[in-house]
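Right, one structure below, let's go through it.
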Amino acid sequence: MKQNGKKQFKILKASGYPEPFSKDKLTLSLERTGLPRKECEHICEKVSKEISEGSKTRDIYNKALKLVKQSSPIATVHYSLKKSLFELGPEGHHFETFVSKYFEEIGYKTETRKIIRGKFVSHEIDVLAELNGKEHFTECKFHNHAGLKNDVKISLYVKARWDDLKDGPQGKKLKNFSIASNTAFTDDAITYANGTGLHLLGINMPEGDSFLDKIKKLKLYPITSLRYLPKTYKKIFLNNNIILARDVTSNAHRLLDYGMNQNDINIVIKEIEILTLRKSWK
2 MKQNGKKQFK
12 ILKASGYPEP
22 FSKDKLTLSL
32 ERTGLPRKEC
42 EHICEKVSKE
52 ISEGSKTRDI
62 YNKALKLVKQ
72 SSPIATVHYS
82 LKKSLFELGP
92 EGHHFETFVS
102 KYFEEIGYKT
112 ETRKIIRGKF
122 VSHEIDVLAE
132 LNGKEHFTEC
142 KFHNHAGLKN
152 DVKISLYVKA
162 RWDDLKDGPQ
172 GKKLKNFSIA
182 SNTAFTDDAI
192 TYANGTGLHL
202 LGINMPEGDS
212 FLDKIKKLKL
222 YPITSLRYLP
232 KTYKKIFLNN
242 NIILARDVTS
252 NAHRLLDYGM
262 NQNDINIVIK
272 EIEILTLRKS
282 WK
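Encoded structure:
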């Protein structure tokens, strides 16, 4: 089999399973950064010449990212957004807080890790979001490995919790239940969720407007997206519950207290301004 005149070969996914390398798939992932189609095709062509049978998706990503960095700072953040969500780990608390920030951004009041009584047992709700007297409960599933997808068992488990909670003391206020994750959902998990009314937020859901897409539209970048903020400072901010990149600006004085020089702070602030205010890609 050939692809654009070149013999097709297989690459290794993060899960360890092989799949045929697709230029179209790589180009599409690059287009999601906002770069022009021709530029994405050019990057894809260069990357495809550097890989072969058995290449890992991680290596392909790194090669593509290196070229994206030469094109646009915003596109770079967009292309590495999934990785930035992984860097909210290794525990899931920072991701839960990030999900709560998402709901706040679209108008909800939120609480995290709240105990709610169901009909039979009590449940810890990762994110409780309230709007107009109605509550939306979210179960967060954070994974430390890109190859781990959310299968139908997770959807079944969350639906069972939903059933117990909606028959509990606060059940009349419960409007929706969702699962938020930093990885993808399997086809069976999506089918079951669609059939039962569960809402899914992940790198492939909602279909056509994924959680990653929503983050980009809202400019709700996690602090781990920042290229010029060293990991040491990211960790300090995360431990102080400062999750969003834009919130670093109002806390820039802390960077001085932590020992960062003013010139480097200015570079970080400039990057945040580009991400949150700039409208053009270059």
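Take the sequence shown: its letters are residues 2 to 283, numbered as in the working numbering. Heads up, the beta-carbon is just placed ideally off N, CA and C, and yes, glycines get one too. No experiment lies behind these values; they were computed from the predicted model shown.
Around the C-beta of Gly260, are 16 or more other C-beta atoms found within 10 angstroms, so that it is buried, or is it exposed?
Sequence index remark: in the sequence shown, residue 260 carries index 259 (1-based). It counts as exposed.
If we ignore side chains and look at the alpha-carbon of each, how far apart do Arg255 and Asn133 end up?
Position 254 of the sequence shown holds residue 255. Position 132 of the sequence shown holds residue 133. So the two alpha carbons sit approximately 36 Å from each other.
What's the call for Asn5, buried or exposed, on a 16-neighbour Cβ count within 10 Å?
Residue numbering aside, residue 5 sits at position 4 when the sequence shown is read from its first letter. Its pLDDT being 48, under 50, Asn5 is placed unreliably by the model, and the measurement read from it follows with that caveat. Asn5 is exposed by the Cβ-count criterion.
By DSSP, does Val269 sit in helix, in strand, or in coil?
By one-based count along the sequence shown, residue 269 stands at place 268. Three-state DSSP puts Val269 in a helix.
To the nearest angstrom, report how far apart Arg114 and Ala130 are at their CA atoms.
Residue numbering aside, residue 114 sits at position 113 when the sequence shown is read from its first letter. Residue numbering aside, residue 130 sits at position 129 when the sequence shown is read from its first letter. Approximately 11 Å between the Cα atoms of the pair.
Would Cys141 pass as a contact of Glu97 if the rule is Cβ separation under 8 Å?
In the sequence shown, counting from the first residue as 1, residue 141 sits at position 140. In the sequence shown, counting from the first residue as 1, residue 97 sits at position 96. Yes.
Report the three-state DSSP secondary structure of Val249 (helix, strand or coil).
Along the sequence shown, one-based indexing puts residue 249 at 248. The answer is helix: DSSP assigns Val249 an H, G or I state.
Under the three-state reduction of DSSP, which class applies to Ser16: helix, strand or coil?
The residue you call residue 16 lines up with position 15 of the sequence shown. Ser16: coil per DSSP, three-state reduction.
Cβ of Lys83 within 8 Å of Cβ of Ile204?
Here the question's residue 83 lines up with position 82 in the sequence shown. Here the question's residue 204 lines up with position 203 in the sequence shown. Yes.
Measure how close the beta-carbons of Arg225 and Lys235 come, nearest whole angstrom, since I'm counting them as under 8 Å.
Locating residue 225 in the sequence shown gives position 224, counting from the first residue. Locating residue 235 in the sequence shown gives position 234, counting from the first residue. It should be pointed out that residue 225 corresponds to Thr in this sequence rather than to Arg. With a Cβ gap of about 6 Å, Thr225 and Lys235 count as contacting.
Just to confirm before moving on: does the CB-CB distance between Cys45 and Lys24 stay below 8 Å?
Looking up residue 45 in the sequence shown gives position 44. Looking up residue 24 in the sequence shown gives position 23. A contact, by the Cβ cut-off of 8 Å.
Quick check: is any heavy atom of the ligand MN less than 7 Å from the C-beta of Met261?
Ligands in the displayed structure: none, and consequently the ligand MN is not present.
Assign Pro223 to buried or exposed, taking buried as 16 or more other Cβ atoms, counted over all protein chains shown, within 10 Å of its Cβ.
The count along the sequence shown starts at 1 and reaches residue 223 at position 222. Pro223 should be labelled buried.
Below 8 Å on the Cβ atoms is my contact criterion, and I expect Asn183 with Leu86 to pass it. Report the Cβ-Cβ distance as a whole number of Å.
By one-based count along the sequence shown, residue 183 stands at place 182. By one-based count along the sequence shown, residue 86 stands at place 85. With 8 Å as the limit, Asn183 and Leu86 qualify as a contact, their Cβ atoms being about 4 Å apart.
Can you find a C-beta in chain C that's less than 8 Å from the C-beta of Thr28?
No chain C appears in this structure, which consists of one protein chain only.
Would you list the residues sitting across from Lys1 in a DSSP beta bridge?
The chain is shown from 2 up to 283; residue 1 falls before or after that span and cannot be answered.
Keeping to the same chain, check which residues put their C-beta closer than 6 Å to that of Phe104; ignore five residues upstream and five downstream.
For the purposes of this step, residue 104 is taken as the residue at position 103 of the sequence shown. The answer, listed in chain order, is Thr111 and Ala130.
Going by C-alpha to C-alpha distance, which of His124, Ile266 and Tyr18 sits closest to Lys57?
Translated into positions along the sequence shown, residue 57 becomes position 56. Measuring from the Cα of Lys57, the nearest candidate turns out to be Tyr18.
Tell whether a beta-carbon distance below 8 Å holds between Lys64 and Glu54.
One-based indexing of the sequence shown puts residue 64 at position 63. One-based indexing of the sequence shown puts residue 54 at position 53. Contact: no.
Tell me the DSSP secondary structure of Lys83 in three-state form.
Numbered from its first residue, the sequence shown carries residue 83 at position 82. The answer is helix: DSSP assigns Lys83 an H, G or I state.
Tell me which residues share the same chain as Arg247 and place their Cβ nearer than 7 Å to its Cβ, disregarding the 5 neighbours each side in the sequence.
The residue labelled residue 247 in the question sits at position 246 within the sequence shown. Ile273 and Thr277.
In three-state terms, what does DSSP make of Phe186?
Taking the sequence shown and counting its residues from 1, one reaches residue 186 at position 185. If DSSP states are grouped into helix, strand and coil, Phe186 belongs with the strands.
Where does Val122 land, buried or exposed, given buried means 16+ other C-beta within 10 angstroms?
As a position in the sequence shown, residue 122 is number 121, starting the count at 1. Under this definition Val122 is an exposed residue.
Can you tell me where the alpha helix (DSSP H) holding Arg33 begins and where it ends?
In the sequence shown, residue 33 corresponds to position 32, counting from 1. It is not in any alpha helix (DSSP H) - Arg33 carries neither H nor E in the DSSP assignment.
Taking only three categories from DSSP, how would you classify Leu27?
One-based indexing of the sequence shown puts residue 27 at position 26. Note: Leu27 maps to helix in three-state DSSP.
What three-state label does DSSP hand Ile126 in the structure shown?
Along the sequence shown, one-based indexing puts residue 126 at 125. In this structure, Ile126 counts as strand in the three-state DSSP scheme.
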